[in-house]
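Order-wise, the sequence lines are chains W and R.
The numbering of the first sequence is the working numbering, which starts it at 8 and goes up by one.
The numbering of the second sequence is the working numbering, which starts it at 88 and goes up by one.
Think of the CB as a built atom: it goes at the ideal place given N, C-alpha and C, for glycine as much as any other residue.
Given the structure is predicted, the values throughout are model-derived calculations rather than measurements.
One structure is given here, and the rest of the page talks about it.
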Amino acid sequence: MNEVHHFRRVLLIWVVSSVIFTPLVVFVLAPGIPPGDGTVQSAGQVTDNAVLFGLSTPIALAVLVFFAYSLIVFRERQPEAVLDGPPVRGHAGIQLWWIVVTSVIVLSLAGYGTARMLDDGAGGGQGPNPIAKPDPSQPPLQVQVIAQQWKFLFRFPGYGGVETAHLELPSNRMIEFHVTSLDVIHSFWAYQLGVKADATPGADNIAYVQTKKPLGFDIHCAELCGVWHGYMFDKGAVVAPTQFTAWIRQQQVRFAPIRKSLPPYSTTYFPEPQKRAG
Amino acid sequence: MTAISASPSRRPAWQHLIGFNLLTAIVGAILGYLIGHFIGGRIHAPSLDFFGDTGQNDIAILLGYLFGVIGFMIGMGFANYPVRRMLGYPPTLAEHESEGLGLARYFRLCTDHKVVGIQYIVGIGVFFFIGGLNAMFIRTELLNPNSHAFGPNQYLTLVGMHGTMMMGMMTSVILGPFANWLVPLMIGARRMAFPRIEAFTFWLLMAAGVVLVTTVFFGGFQTGWTGYQPLGGQGTAGYDAYIGFFALVGLSMCLLGLNLLATIITMRAPGMTWSRLPIFVWSVLATATLMLLASPMLLAALLMGAFDRTVQTGFYVPGVGGSSYLWQNLFWVFGHPEVYIVALPGFGIVLELLPVFSRKPLWGYRLAVAGMLGVSLLSFFVWQHHLFVSGINADLRPFYMLSTELISLPTGFIFLCAMGTIWRGRIRFTVPMLFCLGWVFNFLIGGISGVFLSDVPSDVTTHGSFFSMAHFHYTIMGGLVFTLFAAIYYWGPKMTGFKFNERLGKIHFWSLFVAFNSTFGPLFALGLLGMPRRVVTYPTNLQGLNVWVSISAFVIGLSMLVFLVNLVWSQLFVREPEVGNPWASKSAEWQLPTPVPVHDFDRMPVFDSDPYPYGVPPVTSPQVAPAGGTA
């Protein structure tokens, strides 16, 4: 059998397997992949993952089919005698096409990722001057996340700078997280919200999320921060706006005595005394 | 090894203990540590007011490490040559021609690149198994989220030891043993460009490994291998061991890269043009460049960390003029080239071995070279993808997304060359070939999962989770470790002179391949399900997957035991000699006699083709045809 025949068969197997597996991956597997569609940003991440899965399935299949076919068909059938294959040292056309095709894939991937990221910020920490800002018509709810060893605390500058020990958020609202740290680097990961932003001492890291319906979510620290890093987690909830208002009033009353001894609201804090080595 | 010990003057064994060797080196190290510790105490004690807020005397420990290493090197005999030369004695080759010593030459300073290669593989192997044992402990701890086998402090020390050991010692695991051993033979040189530096890099790495292990006496360190600041600044004295370890590794890597670069550039035999260089040597060249350029950044970062801890500077302390972003930047400017330092030699091994076992020339030689150089160039421009959600330079994220994804282009070249090479070949499924094919599968998964991490929206979920952990284990363990075993099974018999047991080799491969995928495949799922890295506990609904992963990891451990059994059994007990060219390779090193003579080549070899003239009749072995010139 000649080379062209082999190549056509590989191509055929690849096309058939891609046609079967790619829709399976994109429409069956990928939508079930976390973090779910609890917020606009997390739903965006699910879409983004589905696109990446859809693109990588045929690419992976191309390599796997090619190797599987070659290993089966071109295996040495007379291992006793050492016989050489054809001395082919390359093919300029194939190499050129490979470079062109992979470049197009990579550039479009980077373009797509950039567009998705600028679209809604993707829930990631964007530093003090975000480039992906939400629609300015509705003022976002500002929530400061203060990480410290080994607990997240939350301050609401729109509600007199009250500091709470747990997090509740109103549904259907744009939230503006200001993530900072008092000691070492932590990372605020609100899993079902699709939010991850590093908490760095002395830095204000802003992340946006547009909540949808009420939802319970998990908060983890996603950056190694010392001995109890594994236990730095909490539960939060997205609740109806009226319920949120009631909750924040309750917190204001409950933490009023503590509020008096807290420093005024600021984007960063430096605890006294300055924490040094040891 | 014993075959070449038939030298004229065989001394009694006890005489080998006299002179500069590992024993005197250990004595020197202990003395040096005590001196350094004493000096550190003298510096610290008179100014307790200044150093008072440190919980321990870091100066004494770091100076102890420094003087200990110096003492170790003097005891090893590295000072002898410069001192003798300064005193006017003529140069000598005594350190090179130590074949009369038999096994003893592996325990002392020897500048024969073949001895150093064996020293490297055994030395790094010991630490590789220590690091692997740590992984077994980590998985033991993660069997249950609530009842702890070790507890959080010990667990994080294990995590840090595992990561640091693997990312530190294993950077040299191909270039140390195989590049040192093979590059001179492949390019037709009789030695490396700087033989003493070659030996120095090895003993420096061994000193580094010991320094890291001493962390357990100082309370361990809780920062993982990334050593993030200011967490590191809080660390106990165990973090000083981290600094000492990585500084020594960085120095060793830098010198190793320098030595290999100089050797490849200046010491090629006549006819060994750039376009005839074996592809493995190209991968060594690309890696050595990264080693030389990236490790100084690490040294600088560590030096600042050491100053923060000892003389109370504030490079990484926010609020006193420092920044914790500084460490992240410096560390990853080193750290991302570092992961390609680990991956690139694997590319070279795969492309070097596929032609041999497909019986075809390497397909697309220039494209493969472009791929390796492209990876090494691009790897300096991607580091901030580790900081996508950190809030630093958020406007530059599109650039780092692009540069990171661009790396898949040169990596794709490597895959294309591999595919072109096996196409219509006559493929033989030997043990080294199986490991190369394992690399293809693993690195494909590793590369594709890397695209998810390079894409910012997807990275927001996967960053810092078990997903990224699974990704880099697919590229490093599935990439580097599989090619390491390919190299051991392929070149090992040439290096030692004894065959491996093929059946055990195949059992090793299949058990490792299956257990590896069964361990790290589910970790992708665990990451997507929300499990952060380096946690000592996790939600109870994830316990089923974690137990599955742990059991698979123990099977990896068993698979490694199969390898150890094979190694000990075939190399120490059966000792079936390997004299010919078992793989019918046309590469230069296989045309030399086994064991390779001390000075490699009797006469200067002349090369008239690249090492892949497969399928071209008449079948000759032209690489070492003597040209009549004297060496």
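Query - Cross-strand partners of Gly-243(W) (DSSP beta bridge) - result: Leu-174(W), Phe-224(W)
Requested in this report: Consider the Cβ of Arg-82(W): report whether some Cβ of chain R lies at a distance smaller than 8 Å.
Outcome: For Arg-82(W), the answer is yes, since a Cβ of chain R falls inside 8 Å of its Cβ.
Query - 8 Å contact criterion, which His-193(W) and Glu-170(W) should meet: CB distance rounded - result: 17 Å between Cβ atoms; not a contact.
Report task. Would you check if the distance between the CB atom of Gly-247(R) and the CB atom of Gly-311(R) is smaller than 8 Å? Result -> yes
Query raised in the report: With 16 as the cutoff for other CB atoms within 10 Å, does Lys-242(W) come out buried or exposed?
Result: It is exposed - the Cβ of Lys-242(W) has fewer than 16 other Cβ atoms within 10 Å.
Requested in this report: Let me know the secondary structure DSSP gives Gln-399(R) once reduced to three states.
Outcome: Here Gln-399(R) carries a coil assignment [DSSP, helix/strand/coil].
Query - Neighbour flag for Met-124(W) against chain R, beta carbons, 8 Å - result: yes
Requested in this report: Put Trp-670(R) into one of helix, strand or coil per three-state DSSP.
Outcome: coil
Requested in this report: Kindly indicate if chain R contains any beta-carbon less than 8 Å away from that of Phe-41(W).
Outcome: Correcting the residue identity first, residue 41(W) is Pro in this sequence and not Phe. Interface residue, yes.
Query raised in the report: Quick one, which residues of the segment 82 to 103 of chain W are near chain R if we go by CB-CB under 8 Å, in chain order?
Result: Arg-82, Glu-83, Pro-86, Val-89, Leu-90, Asp-91, Gly-92, Pro-93, Pro-94, Val-95, Arg-96, Gly-97, His-98, Ile-101, Gln-102
Query raised in the report: So, are the CB atoms of Leu-465(R) and Leu-493(R) less than 8 Å apart?
Result: yes
Requested in this report: Closer than 7 Å by C-beta to His-595(R): which residues in its own chain qualify, once you throw out the five before and the five after it? Chain order, please.
Outcome: Ser-646, Val-649, Phe-650, Asn-653
**Report entry** Cα-Cα separation between Pro-264(W) and Arg-226(R), rounded to whole angstroms
**Finding:** 46 Å
Requested in this report: Name the one or two DSSP bridge partners that Glu-589(R) has.
Outcome: DSSP output for Glu-589(R) lists no bridge partner at all.
Query raised in the report: Helix, strand or coil for Ile-101(W) per DSSP?
Result: Ile-101(W): helix per DSSP, three-state reduction.
Report task. Could you check which residue in Arg-256(W), Arg-82(W), Val-95(W), Ala-99(W) has the C-alpha nearest to that of Gly-167(W)? Result -> That would be Arg-256(W), whose Cα lies nearest to the Cα of Gly-167(W).
**Report entry** Residue interval of the alpha helix (DSSP H) (run including His-12(W))
**Finding:** 10 to 30
Query raised in the report: Hey, Ile-501(R) and Gly-458(R) are a contact pair by Cβ (cut 8 Å); roughly how many whole angstroms apart?
Result: 5 Å
**Report entry** Under 7 Å (Cβ pairs) to chain W, residues found in the segment 462 to 479 of chain R
**Finding:** Phe-475, Val-476, Ser-477, Gly-478, Ile-479
**Report entry** Partner residues on chain R for Ser-3(W), Cβ-Cβ distance less than 7 Å
**Finding:** For residue 3(W) there is no data in the structure shown, the boundaries of chain W being 8 and 285.
Query raised in the report: At what residues does the beta strand (DSSP E) containing Glu-183(W) begin and finish?
Result: 181 to 188
Query - Leu-385(R) versus Thr-376(R): straight-line alpha-carbon distance, rounded - result: 15 Å
Query raised in the report: Per DSSP, what kind of secondary structure is Pro-713(R) in: helix, strand or coil?
Result: In this prediction, Pro-713(R) has a pLDDT of 43, which is less than 50 and means its spatial position is unreliable; nothing more can be read from the coordinates.
Query raised in the report: Per DSSP, what kind of secondary structure is Phe-289(R) in: helix, strand or coil?
Result: When DSSP states are grouped into helix, strand and coil, Phe-289(R) belongs to the helix group.
Requested in this report: Mind the definition here: the segment 593 to 611 of chain R touches the segment 210 to 226 of chain W only if three or more C-beta pairs lie below 8 Å; say whether that holds.
Outcome: no
Requested in this report: For His-12(W), count neighbouring Cβ atoms within 10 angstroms of its own Cβ and tell me buried if that reaches 16, exposed if not.
Outcome: exposed
Query - Buried versus exposed call for Ala-90(R) [16 or more other C-beta atoms within 10 Å across all chains shown] - result: Confidence is the limiting factor: at Ala-90(R) the pLDDT is only 42, short of 50, which leaves the residue's position unreliable, though a coordinate-based value still follows. Exposed, because fewer than 16 other Cβ atoms sit within 10 Å of the Cβ of Ala-90(R).
Requested in this report: Can you give me the Cβ contacts of Ala-718(R) inside the same chain, cut-off strictly under 6 Å, excluding the 5 residues immediately before and after it?
Outcome: Reliability fails at Ala-718(R), whose pLDDT of 35 lies under 50, so the model's placement of it is uncertain and the value that follows must be treated cautiously. The residues are Arg-690, Met-691.
Query raised in the report: Of all the CB atoms in chain R, is at least one closer than 8 Å to the CB of Arg-283(W)?
Result: The predicted model places Arg-283(W) with a pLDDT of 49, which falls under 50 and marks its position as unreliable, so this point remains unresolved.
Query raised in the report: Would you say Pro-664(R) touches the ligand COA, meaning its beta carbon is less than 7 Å from a heavy atom?
Result: Absent from the structure shown: the ligand COA. Ligands present: none.
Query raised in the report: In chain W, which residues lie with their C-beta within 7 Å of the C-beta of Gly-702(R)?
Result: Those within 7 Å of Gly-702(R) in chain W are Asp-91, Gly-92, Pro-93, Pro-94.
Query raised in the report: Roughly how far, in whole angstroms, is the beta-carbon of Phe-367(R) from the beta-carbon of Gly-435(R), given that I think they are within contact range, below 8 Å?
Result: 4 Å
Requested in this report: Starting from Asn-416(R), trace the alpha helix (DSSP H) both ways and give me its first and last residue.
Outcome: It spans 411 to 445 - the alpha helix (DSSP H) in which Asn-416(R) sits, taken as one unbroken run.
Query raised in the report: Grouping DSSP H, G and I as helix and E and B as strand, with all else coil, what is His-193(W)?
Result: In the three-state reduction of the DSSP assignment, His-193(W) falls in the strand class, which pools E and B.
Query - Partners in chain R for Glu-10(W), counting only beta-carbon separations shorter than 7 Å - result: Arg-511
Report task. List the residues of chain W whose Cβ lies closer than 7 Å to the Cβ of Ser-445(R), in chain order. Result -> Near Ser-445(R) (Cβ distances below 7 Å), the residues of chain W are Gly-92.
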